[in-house]
Every structure is written in structure tokens, then in C-alpha cells.
Amino acid sequence: MQPLQSKENSLFRSLVKFYESKQYKKGLKAADQILRKVPNHGDTQAMKALILNSQGQSDEAFDLARQALKNDMKSHVCWHVYGLLYRSQKNYEEAAKAYKFALRIEPDSQNILRDLALLQVQMRDYQGYIQSRKQMLQVRASLRQNWTALAVAHHLAGEYKSAEHILKTYEDTLKTPPPKTDLEHSEAALYKNTIISESGDTERALEHLEEILKNNLDRTSVLELRAKYLLELGKNKEAEQAYRKLLGRNSEYRAYFDGLEKALGLARSDQVSHEELLALYDSYAEKNNRNDASRRIPLDFLQGDAFRTAADKYLRRMLNKGVPSLFPNIKSVYEDPAKKAIVEDLVLGYASEKKMNGSAQGEVNGDASDNFEKSVLYFLAQHYNYHLSRDLQKAVGYINRLIKMDPKFPAYHQTKARIYKHYGDTKTAADIINHARELDPKDRYINTKCAKYQLRNNENDVALSTMSKFTRNETAGGPLGDLHDMQCMWYLLEDGEAYLRQHNLGLALKRFTTISDIFDIWYDDQFDFHSFSLRKGQIRAYVDMIRWEDHLRDHPFFSRAAISAVKIYLMLADNPELTTPGNKPEFGNLDPVERKKAMKKARKEHERLEKAEAEKKAAAAKKPTATGADGEPKKEDPDPRGLKLIQTKEPLEMSLKFLRPLLEFSPKNIEAQNLGFEVHFRRKKYLLALKCLLAAQALDPENPIAHEQAIRFHQALPDIKDNPPKVSQVFKQVFDMFKSGTDLKAANSTWLEKNPQSPPHLLSAYHVRFLLDDSIKATNESDIQKLLDLPSITIEQAAAAFDYLNEWKSSEKVKNEYREAAAKKWPEATVFQVN
Amino acid sequence: MAEEPQSSTVHDGASDAPAPTGSAEDRKAAAALSALDAQDDEASSKKNVDTKALGEAMKNLSVDEKGKFGGEEKKKVVKVDAQDVSLLVAELELSKVKATELLRAHDGDAVKAMAAFVSTPA
Numbered sequence: 001m002q003p004l005q006s007k008e009n010s011l012f013r014s015l016v017k018f019y020e021s022k023q024y025k026k027g028l029k030a031a032d033q034i035l036r037k038v039p040n041h042g043d044t045q046a047m048k049a050l051i052l053n054s055q056g057q058s059d060e061a062f063d064l065a066r067q068a069l070k071n072d073m074k075s076h077v078c079w080h081v082y083g084l085l086y087r088s089q090k091n092y093e094e095a096a097k098a099y100k101f102a103l104r105i106e107p108d109s110q111n112i113l114r115d116l117a118l119l120q121v122q123m124r125d126y127q128g129y130i131q132s133r134k135q136m137l138q139v140r141a142s143l144r145q146n147w148t149a150l151a152v153a154h155h156l157a158g159e160y161k162s163a164e165h166i167l168k169t170y171e172d173t174l175k176t177p178p179p180k181t182d183l184e185h186s187e188a189a190l191y192k193n194t195i196i197s198e199s200g201d202t203e204r205a206l207e208h209l210e211e212i213l214k215n216n217l218d219r220t221s222v223l224e225l226r227a228k229y230l231l232e233l234g235k236n237k238e239a240e241q242a243y244r245k246l247l248g249r250n251s252e253y254r255a256y257f258d259g260l261e262k263a264l265g266l267a268r269s270d271q272v273s274h275e276e277l278l279a280l281y282d283s284y285a286e287k288n289n290r291n292d293a294s295r296r297i298p299l300d301f302l303q304g305d306a307f308r309t310a311a312d313k314y315l316r317r318m319l320n321k322g323v324p325s326l327f328p329n330i331k332s333v334y335e336d337p338a339k340k341a342i343v344e345d346l347v348l349g350y351a352s353e354k355k356m357n358g359s360a361q362g363e364v365n366g367d368a369s370d371n372f373e374k375s376v377l378y379f380l381a382q383h384y385n386y387h388l389s390r391d392l393q394k395a396v397g398y399i400n401r402l403i404k405m406d407p408k409f410p411a412y413h414q415t416k417a418r419i420y421k422h423y424g425d426t427k428t429a430a431d432i433i434n435h436a437r438e439l440d441p442k443d444r445y446i447n448t449k450c451a452k453y454q455l456r457n458n459e460n461d462v463a464l465s466t467m468s469k470f471t472r473n474e475t476a477g478g479p480l481g482d483l484h485d486m487q488c489m490w491y492l493l494e495d496g497e498a499y500l501r502q503h504n505l506g507l508a509l510k511r512f513t514t515i516s517d518i519f520d521i522w523y524d525d526q527f528d529f530h531s532f533s534l535r536k537g538q539i540r541a542y543v544d545m546i547r548w549e550d551h552l553r554d555h556p557f558f559s560r561a562a563i564s565a566v567k568i569y570l571m572l573a574d575n576p577e578l579t580t581p582g583n584k585p586e587f588g589n590l591d592p593v594e595r596k597k598a599m600k601k602a603r604k605e606h607e608r609l610e611k612a613e614a615e616k617k618a619a620a621a622k623k624p625t626a627t628g629a630d631g632e633p634k635k636e637d638p639d640p641r642g643l644k645l646i647q648t649k650e651p652l653e654m655s656l657k658f659l660r661p662l663l664e665f666s667p668k669n670i671e672a673q674n675l676g677f678e679v680h681f682r683r684k685k686y687l688l689a690l691k692c693l694l695a696a697q698a699l700d701p702e703n704p705i706a707h708e709q710a711i712r713f714h715q716a717l718p719d720i721k722d723n724p725p726k727v728s729q730v731f732k733q734v735f736d737m738f739k740s741g742t743d744l745k746a747a748n749s750t751w752l753e754k755n756p757q758s759p760p761h762l763l764s765a766y767h768v769r770f771l772l773d774d775s776i777k778a779t780n781e782s783d784i785q786k787l788l789d790l791p792s793i794t795i796e797q798a799a800a801a802f803d804y805l806n807e808w809k810s811s812e813k814v815k816n817e818y819r820e821a822a823a824k825k826w827p828e829a830t831v832f833q834v835n
Numbered sequence: 836m837a838e839e840p841q842s843s844t845v846h847d848g849a850s851d852a853p854a855p856t857g858s859a860e861d862r863k864a865a866a867a868l869s870a871l872d873a874q875d876d877e878a879s880s881k882k883n884v885d886t887k888a889l890g891e892a893m894k895n896l897s898v899d900e901k902g903k904f905g906g907e908e909k910k911k912v913v914k915v916d917a918q919d920v921s922l923l924v925a926e927l928e929l930s931k932v933k934a935t936e937l938l939r940a941h942d943g944d945a946v947k948a949m950a951a952f953v954s955t956p957a
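Here the protein sequences line up with chains A and B, keeping their order. Sequential numbering from 1 applies to the first sequence in this note's numbering. Sequential numbering from 836 applies to the second sequence in this note's numbering.
So this is what it looks like as C-alpha cells:
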């Protein structure tokens, strides 16, 4: 420590105060004043660095902090600040190191200890966290949250006994039982209960629960836990009562009915108990005229005529009321084809019934009967639009009748748009939904749907202007900037996918990277809760959150973005010329003269865009500096079109940023495993490629892509000479094909014969045929045409076949023939049309 | 994927509590709020605390499970070749610690270890 004279010392103290109250300007002034007297005062330099960092000058801050450390290696302030700087850079490991140095110098500093503890739990260093928390407790044992925190640390580390012991020790020290209104105590008691339950000792958990039952403030949780424990312990009689009590509180909650069924020993799969089950649900239905669950659940287990009777009753009730969500509510029973047929039959019956009643009664009944008819037609339109019962022509017929009856109702137009989406006609779908939006411009839901349909139709700019009707447009970056601030992931994802379809790899990759960044933010956001939740005493919710953060990236949005991003990186790795702006993959197939022309055109287009952007920027510069949602000036995006992203020198290495979490958190996603193979295969990490291949085969032994990859892997193996011998041995051990020296062609034909009706399987077989012997190209090309005649082929599969033609470098003539044939089969689909 | 059925009493657009917007601004506000009560929890918790009992309790902190989670009991003595470790690190892209663990679990046999790693689905 470098001592200061009294005047400077008081200046230093006010400097610290200025920093804490965020009066940075005054702080800097004070710091400079001290440094004028004592130029090498480490602590002051460190504090100044901290202020600079808060003002966004992190580089200068780091330099100054390093200088401060040089001047005063023995100062805990300097080390602490150094750690804080690293922490603000999210370099947690270095930050932890710096904090530990600081603690060595000043072991009793509460601030440093607290900062270290927060870092440790953020990094999931539970043993370290336990140590820090213990120290903090020893310094201030009077604070309940210090005890709870230590218990949490033990709990997260899986040490249930210690966790419980800590909580109990504290409870025992209380002179009088805390008042009933003490929320922290009530929560801590329930938290202790969950720990006991998680340790596997349900019996004791129940005992403990009975003790705290009466006074606990979270009534619902207590009752739910009690019912759960009773059921687990086989005390069915009491469990039944407990669940009945819960149903008395909320009779729409399915989990309570599930529990009740189990307590009564009734299984839905067992035909014998159906009668009793039905009686049970009927009794609840009688009790409450408006209850839905007790009427809807029986449809899940009833069969045959019993189902028909129940479904008839249910459907009539809902159709009479005109419940618009009836179809989404019913469609889950369609998995059973018999039930699907019964529902269809019933509703068609209502439709003809209506006609028979005729208009004479319609006059008398007025609105009500009209509503019934509309509901029936609306149900049928959705029914024939649903993938398990699809007949788009009928669907259009029904929806058009509805629109004639009520031309101003947005939902009907929305359904119509959806029907056209299923036709593959994204253009018409987008037009129709836009019409629906105009019918009710203040409805955010329909507005959002509209933007999505426009994105599906590759109209990025139009979609953004649709979204802008509900965003804050004065923020930096306009509507798009606001969508980023709001972390509007569905939009960013669809936007990226639309750009990908248009081969705008830069912007597509940029959007997908943003999604990944948002997940990073979510992970970092938990930092504040390590202290906040303890202070608020909401421990159970906190532990839930910690566990959720641990598998954050298994979220479907992350998988989708990651899969598309990895695909882009693979395209970049295979075609390095794509990194030139404006280059498109199809240019590769043109002859040189034409290619040059096309490239030139693309370059001009690129220049035009750049110019437009420069103009926009100039216009923006005239306005006062735009600020973000948090009131701080926003940094300008240095790469608004993602060009730098795609100009990466090592796309495969970059793709790992997406691939690794994808494989770690969604190992059951077969597409992820397929892509993992592609990346590792190109990186020559053959063992990792093999791991993905085997994982894909384990998920689905008939996976067509895995078949293709297995053959490619096998083909490549003899060429891999520089493999360490031990690695080659592993190949021999785990890879069947390699061992037996199979005839690849024979293997492929067997595979081909096994799946003669499935387009994806046939496609991969054709591709393998081509890989083994490229003279077969012509046969392949004619076979691929025949795929279109298969009854089961979908638009997506047909479009995928087109990609293979590209890969085989088929001539434009062949491709056009295929495209025309596909366009004939699906005249509405936009993908096969020549633009 | 089945939509969770709604009760027939619920109608879209019925008045509901406004959804939290969750903007950066709100998060700031929340942070500021939490900073406010950082001071007062000390005073409130003092009343009901028996300092003496706490002192006693502190002595009993570390009672159980010492060493149980240290994992000392099952550490087998397995010789691990440093070359094998670096082979695993390079081929399987594991951390050094993980690679060593994996080798240990397979008696230091690199081929076995790698084969097991490759064929167990993640």
C-alpha cells in the first residue's frame, strides 16, 4: 500500500464515493488531482481505470489498471479492480484469479469475497462457492441469507445432507418462531422441504411438510407437494383426497386429474377402467357447467362408440357456443385414425343437418343457428387443412363459403392464407394474410402473422415495415434495432431463413449469430440473480432458474439457428468464392462468359447497395445521435450486412461455435448429428465425424443421410494415411463396414430395395450410386424425375431433390425439365416457378 | 403437439394484466430497485437473532460428508501415457483433464478409450 497524505486521502475517499454514485466526471477530476501530487499512486489509477471502463473506454481502462498493478503489486484495490475489469469483459476465469490475489492480500474484505462468490456460482465452481460462502457466513452470521446461500451452495453441488443441516442449524438458533407473515421464512421452509425430497427421502419430506403445512404462505405448492408425496408413498386413499381438494381449487388443471386417476388406480390404457374413469369425469362435469377439462379429457382415452357419443356431445356444445379454438383443441386425437374418421363423420353430419333444417327455422332462431353453421364450416376448413386430414381443395371450398357469409372476419382470411401456405403458394398466402391484417390494423397478433408470411415469401423489407407498426421506431437502427433490443427471436430467425433462401449468406449468418448472442445474454443475465434472489428469499425459483440455465441451449430456437448457421459455414467452406459479395452458388454452373457477365451484374448491384447505405448513413448522421432503449448512445454496427462474417478465413472452425452447443444440448437432433459429420469430416477429425455418424444411426438406423455419409466415410478411409495407428485401430473396432470390407455397391442396392417408396431414401441411394460411379449420372437424372410420381412425395422433398441435381452438376436442360415437371405437379407452389 | 385446451370462459382479448415488456430499460429499473433495498435487510433481520446461539451454531458448520465428495476413495492407480493424452486431446478435442479421466476409466488404453467415446451417444 502506498500511503497518502491526509488531503489526498480524503480526496481518494470521495473518489470512491463518486464512482459508487456514478458521478464519473467528478470522480475523474478527483483522480487526476491526486495523480498530480502522487503520479504513481496505484489505487487511484485503479479507481480511474474503473471509471474509464464504466464510460466505455475499456482499452484505456485495462492499460491503466495494468500500470496500477505495476506500481502497487501489494494493493488489494488494484487486484480487485483488475478482476472487475475482466468480469465486465465476461472473462470470468481471469477475473476469478484476480479476485483471489486480492483476497490473499486482504482476506476479510466482504466486497471482494462477495464478488468472487458470485463469479464462482456463475462458473458453476460449486466447491469454490461453498468455501467462499462459508467465509462470508463466518463474518456475518446474523444475516439469514448468508445461511441460506451456503445451503444453496451445498444443494447445487449435490450435497443434500449438508444443505439441510445448514438450514436446520439456523432454524434452531431462532428464539421465537418467526411470524406467519415472514415470507423469507416460509420460502426457506419449503426450500428445505424440496431438498429433503430431492435427496430421495420422500417419507421424511412428507413428515416435514405436515409440520410446516399450516402456516406456509405458498398454499398451492404445499398442497401439490403433499399430494405428490402421498401418491409416491402409495398412500392412495389420502392422495385421492388431496387431489380432490386441489381440483376443488382449480378444476381445469390436467395434472391434478392425472394424479387423481393414479390415486384411484385407474389406467387410461386399460379398457376395463374406462367406465369408472368416465363416471369420475362426468361427476366433475356435473359439478361445474363451464368446466372444460372434465369434458375434454375423456376423448383422449375413450374408443369406438363410447368415443363417438362423448365426441358428439362435446363438439355440439362447443360448436353451439362458437368457440373458435375448437379445432386446435381437438386435433390431438387425430393421431388415432379411427377417432379422426369419427370426428370427420360427425362434423360433416352437422353440416348436412344444418342444410336440412333449412332457412325457415333460420329466421326464427336468428343469430344462434347462424353461428352454429359458421362454427361447423370453420371447423371443417381447419380439419381439411390439418396435415393428418389434408384435402386442400375442400378446405378452400369451406373457407370461401365462410368468407362469403362474413367477409370482414380476419380469422377466416388467416385460415385461408394458411391453406395457401400449405399449397406452397407463399405469394398468395402473404397477399391474403395482408388483407386480413388490413381488416383489423390494430390487432398485433394478425400483424405478426402477416410479417411471418411475408418473410416466408422472402419479402424481408415488406415484413419489416409490417413489424414497424408495432415497434419503437425512434431507437437506434429503427424497427430492426428495436426488434433486436426486444430479442424478438422468431422474427430474426425467419428473417435469416428468408435471406438464406435468397442466398444472401451474409445477412442470414448475421441473424443466426444474433440468435446465438441472445442466448449468451440470457446466460449472462443470471449473474444479477445470484444476489437478487437471495435477498428476496425466492430460493426455489432461483434454483429452478440455475438448472434451466444449465441446458439453455437445447431451446428449439437455438437449434434452428445453429443448424442453418452451420449449413452456411459448410457452403462457405465448400465454395470459397461465395465470400465475394454478390456471388451466388448457381454461377458455378454457368459457362465462363456468362459467369463473368453475371458476376459483373452482381458486383454492380453490390455497389449500388453500398452507395444507398452510405447515403442512409449520411442522412442518419445529420440527426442527433440515436440512443438505445437504455438511454445510452448505441455503437454503430460496423458490419450491417454480415459481409465480414462470411469473409472468414476458416469457416469450419467458426461453425464450431454453433455446432458444439448444438451437439451437446440437442444430441437427439438427427439433423445436428448429420451436420456434425459434415463439419468434422471436412476438418479431418475423423473420430468426431464417426461419433456423429454412429449417433445418427443409433437415432434412426434408416436415416438416409447417415447412409450416404457412411459410404463416403468408407470411401475416404483408404486415403487417410497420416492417421495415427491407434486411431485406425479404433476405426476397425467400431465401424462395421470397414471391418468386413463390404461391397459398397451391393450394400447400396440392398438399401435401395429396402425403401422403394420413400423419396429421401431413394435420393440418398441415387447419390451414393453417383459417388461410387459417376457414369450413372444419366440414369440418376431420369430416376429422379420418376420420384415425382411417388404418391407420398412432398414439396420439400421434391425441392431437396433439386439440390442433388445441382450437386451432380446436371445440365440446365435436365434441371429445367425437373422443375417443369414439379411445377406441373404442384401448380400453386412458388418454389418451382421461374421468376 | 397438442394445444392446451382453454376453458370456454376465457376469451381472447379479455382484460389481462399487461405483459411485462422486458426491455433493457425495465431491467435497468429492476436493478435500481434491487439496489435500493440492499441496505435495509440488515436491520430487519437483527431482531429475531440470538447471537449466542448463532455463535454456537457456527462451530457445528462442518459436520458431515467431509471427504465424501472428494472422490478420493475410487481413485485407481492407473498409469497414463502423456502421448496418449495429447492424442486424445487432438483427435477428440477434449480438455486435458477430461482426456486423462477418460484414459483412466479405460485402464490407460487409448484405443479402448477412443472407441468408447466414439460409440457412446452423447
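C-beta atoms are modelled at their ideal positions from N, C-alpha and C, and glycine is treated no differently.
Distance, residue j Cα to residue i Cα
| i | j | result |
| --- | --- | --- |
| A508 (chain A) | L923 (chain B) | 35 Å |
| D59 (chain A) | N53 (chain A) | 8 Å |
| E94 (chain A) | L69 (chain A) | 15 Å |
| N288 (chain A) | E438 (chain A) | 40 Å |
| N365 (chain A) | H422 (chain A) | Here N365 (chain A) scores only 47 on pLDDT, less than 50, and its place in the model should not be relied on; the value that follows carries that caveat. So the two alpha carbons sit approximately 37 Å from each other. |
| F409 (chain A) | K416 (chain A) | 12 Å |
| Q785 (chain A) | K745 (chain A) | 22 Å |
| I446 (chain A) | K340 (chain A) | 29 Å |
Closer than 8 Å at the beta carbon, the chain B residues around residue i
| i | result |
| --- | --- |
| P836 (chain A) | Nothing about residue 836 (chain A) can be reported from this structure: the residues present for chain A run from 1 to 835 only. |
| P724 (chain A) | L922 and E926 |
Residue i burial status per 10 Å Cβ neighbour count (16 or more: buried)
| i | result |
| --- | --- |
| S655 (chain A) | buried |
| H707 (chain A) | buried |
| E820 (chain A) | exposed |
| S21 (chain A) | exposed |
| V679 (chain A) | buried |
| W79 (chain A) | buried |
| M318 (chain A) | buried |
| G158 (chain A) | exposed |
| T475 (chain A) | buried |
| I793 (chain A) | buried |
As assigned by DSSP and simplified to three states, the class of residue i
| i | result |
| --- | --- |
| L790 (chain A) | coil |
| N669 (chain A) | coil |
| M73 (chain A) | coil |
| P760 (chain A) | helix |
| Q303 (chain A) | coil |
| S21 (chain A) | coil |
| D524 (chain A) | helix |
| F805 (chain A) | The question names Phe, but residue 805 (chain A) in the sequence shown is Leu. Looking at L805 (chain A) - three-state DSSP - the assignment turns out to be helix. |
Under 9 Å from the C-beta of residue i: neighbouring residues of chain B
| i | result |
| --- | --- |
| D774 (chain A) | Within 9 Å Cβ-Cβ: nothing; D774 (chain A) doesn't reach chain B, min ~31 Å. |
| Y170 (chain A) | L889 and A892 |
| P556 (chain A) | Those do not exist, as P556 (chain A) stays about 11 Å from chain B at its closest Cβ, beyond 9 Å. |
Within chain A, partners of residue i - CB distance below 8 Å
| i | result |
| --- | --- |
| A934 (chain B) | Residues of chain A passing the Cβ test: none, with the nearest at roughly 12 Å. |
| V915 (chain B) | The contacting residues do not exist; V915 (chain B) stays about 14 Å from chain A at best. |
7 Å Cβ cut-off: residues of chain B touching residue i
| i | result |
| --- | --- |
| V566 (chain A) | The contacting residues do not exist; V566 (chain A) stays about 16 Å from chain B at best. |
| V814 (chain A) | The contacting residues do not exist; V814 (chain A) stays about 39 Å from chain B at best. |
Could you list the residues in the segment 101-127 of chain A with a C-beta less than 7 Å from some C-beta on chain B, going in chain order?
Residues: none.
**Residues of the segment 336-350 of chain A whose Cβ lies closer than 7 Å to any Cβ of chain B, in chain order** = Within the segment 336-350 of chain A, no residue has a Cβ that lies closer than 7 Å to any Cβ of chain B.
Legend entry - Positions along the segment 919-948 of chain B whose CB lies within less than 7 Å of some CB in chain A: L922, E926, L927, E928, A945 and V946
Practice prompt. Taking only beta carbons into account, state which residues of the segment 212-229 of chain A come closer than 8 Å to chain B, listed in chain order.
Written response: Flagged: no residues at all.
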